[in-house]
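Chemist: Dumping the structure here so I can ask a few things about it.
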Amino acid sequence: MANTSRLPNPWGAETILLESVDSTNNYAKDLARRGAPHGTAVLSDCQTGGKGRRGRSFSSPPGVGIYCSVVLRFDAAPEQLLHLTPMVAEAVRRAVAQSTGLEPEIKWINDLLLEDRKLCGILTELGMNGDRLDFLVVGIGINCNQQTADFPPELRETAVSLAQVLGRPVDRTAVAAQLLTQLHAMSRAVLTGPGPWLDSYRTHCVTLGRDVQLIRGGQRRNAHVDGMDDQGALLVTLPDGSHETVFSGEVSVRGLAGYV
Ligand code: BTN
Numbered sequence: 058m059a060n061t062s063r064l065p066n067p068w069g070a071e072t073i074l075l076e077s078v079d080s081t082n083n084y085a086k087d088l089a090r091r092g093a094p095h096g097t098a099v100l101s102d103c104q105t106g107g108k109g110r111r112g113r114s115f116s117s118p119p120g121v122g123i124y125c126s127v128v129l130r131f132d133a134a135p136e137q138l139l140h141l142t143p144m145v146a147e148a149v150r151r152a153v154a155q156s157t158g159l160e161p162e163i164k165w166i167n168d169l170l171l172e173d174r175k176l177c178g179i180l181t182e183l184g185m186n187g188d189r190l191d192f193l194v195v196g197i198g199i200n201c202n203q204q205t206a207d208f209p210p211e212l213r214e215t216a217v218s219l220a221q222v223l224g225r226p227v228d229r230t231a232v233a234a235q236l237l238t239q240l241h242a243m244s245r246a247v248l249t250g251p252g253p254w255l256d257s258y259r260t261h262c263v264t265l266g267r268d269v270q271l272i273r274g275g276q277r278r279n280a281h282v283d284g285m286d287d288q289g290a291l292l293v294t295l296p297d298g299s300h301e302t303v304f305s306g307e308v309s310v311r312g313l314a315g316y317v
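Here this note's numbering is used: the first residue of the sequence shown is 58, the next is one more, and so on.
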């Protein structure tokens, strides 16, 4: 992934390509704290401490994945940007579809699946300046050319790569270029026109309309997912007929049929 000319930066900012880094999110946050502009992108061939949500790690071996973080700056309060998370998932879905012809599904709130296995993870982090939002770093990891042995043993049943589904290797730079293109289009729509992005998200989200388990603090509750509101929260009905709104980060949602 070393050819910068094949990875133009659609924001007109810098795209930084690294061989190895602990986490592209950490690197991008450092740059953002030092004033890096909207659209600054960081990609690395591997990560030695790739981070997932809820304190998990993200497997990031060299030569096979895309590990990408983008600095975004919006003149808005964090509570006005709750829909960013599903929009990023939709942008990544479009990038994969455009660059490979595959049609990933989305598992709420921002995992991408192929053949019911996890293809991609997204970690969004905020940088605050007092009580004002300074920047966001959107971090995306896409499994591109991994074969089974490239995944840690505990992920071999639940993770998948583009190459495994296509039966051939993919051009990581072409996928990464589409990723930046779609993230740029998404970033332009965040404050001005998120509707079509969220509608398309809903069309491709396997969680909506399903019976699921809500998992929180070790406790599981059955629920039916009626839909997702315009902030990205799930609208659910519980077995007693009551309704609840489930916010991102508050719970995990698993389909009763199995994918974790
Ligand atoms: C998750 O599935 O829990 C989120 C995984 C996010 C991984 C990406 S890879 C690029 C960026 N750098 C990180 O350390 N994490 C994100």
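Quick reminder that beta carbons are idealized off the backbone N, C-alpha and C, glycines included.
Taking isoleucine 272 as the reference, which of Gly266, Leu265 and Ala280 has the closest Cα?
Modeler: Ala280
Chemist: Sorted by chain position, which residues of the same chain lie with C-beta nearer than 8 Å to valine 232's C-beta, five sequence neighbours on each side aside?
Modeler: Counting only Cβ-Cβ distances below 8 Å, and skipping sequence neighbours, we find Ile123, Ala152, Val153, Ser156, Thr157, Ile199, Cys201 and Leu219.
Chemist: Please work out which residues of its chain come closer than 7 Å, Cβ to Cβ, to histidine 140, disregarding the five sequence neighbours upstream and downstream, and give them in chain order.
Modeler: Its chain contains Pro251, Leu255, Asp287, Gln288 and Gly289 as the residues whose beta carbon lies nearer than 7 Å to that of histidine 140, once the 5 sequence neighbours on both sides are disregarded; these appear in chain order.
Chemist: Could you spell out the range, first to last residue, of the alpha helix (DSSP H) harbouring leucine 295?
Modeler: From DSSP, leucine 295 is part of no alpha helix (DSSP H); its letter is neither H nor E.
Chemist: Looking only at its own chain, which residues have a Cβ that is under 7 Å from the Cβ of threonine 81, when we skip the five neighbours before and after it?
Modeler: Val99, Leu100, Ser101, Gln104, Tyr124, Cys125, Ser126 and Gly196
Chemist: Can you tell me whether leucine 183 is buried or exposed, with buried defined as 16 or more other CB within 10 angstroms of its CB?
Modeler: exposed
Chemist: With DSSP as the reference, please indicate the residues paired to serine 114 in a beta bridge.
Modeler: Lys108
Chemist: According to DSSP, which residues form a beta bridge with methionine 185?
Modeler: Leu190
Chemist: One question on the structure: do glutamate 71 and alanine 93 come within less than 9 Å of each other, judged by their Cβ atoms?
Modeler: Cβ atoms of glutamate 71 and alanine 93: closer than 9 Å.
Chemist: So glutamine 276 is in the beta strand (DSSP E); what residue range does that whole segment cover?
Modeler: 276-285
Chemist: Return the residue from the list Val303, Thr230, His241 and Ser244 that minimises the CA-CA distance to leucine 74.
Modeler: Thr230
Chemist: Kindly examine the ligand BTN and report whether one of its heavy atoms sits closer than 8 Å to the Cβ of leucine 180.
Modeler: yes
Chemist: Start and end of the alpha helix (DSSP H) containing serine 218?
Modeler: First-last for serine 218: undefined, no H or E at that position.
Chemist: Would you say the beta carbon of phenylalanine 115 is closer than 8 Å to some non-hydrogen atom of the ligand BTN?
Modeler: Flag set: Cβ of phenylalanine 115 near the ligand BTN.
Chemist: Please go through the region 122-164 and give each complete beta strand (DSSP E) segment of 3 or more residues, from N-terminal end onward.
Modeler: 122-129 and 162-164
Chemist: Comparing alpha-carbon positions, which option in Cys262, Asp283, Gln276 and Thr249 lies nearest aspartate 268?
Modeler: Asp283
Chemist: Contact criterion: CB-CB distance below 9 Å. Does leucine 190 meet it with respect to chain D?
Modeler: Chain labels in this structure do not include chain D; a single protein chain is all it has.
Chemist: Please determine whether the Cβ atom of cysteine 262 lies at a distance below 8 Å from any heavy atom of the ligand BTN.
Modeler: no
Chemist: Counting Cβ pairs closer than 8 Å, one from the region 103-117 and one from the region 128-139, do we hit at least three?
Modeler: At 8 Å Cβ cutoff, the stretches do not touch.
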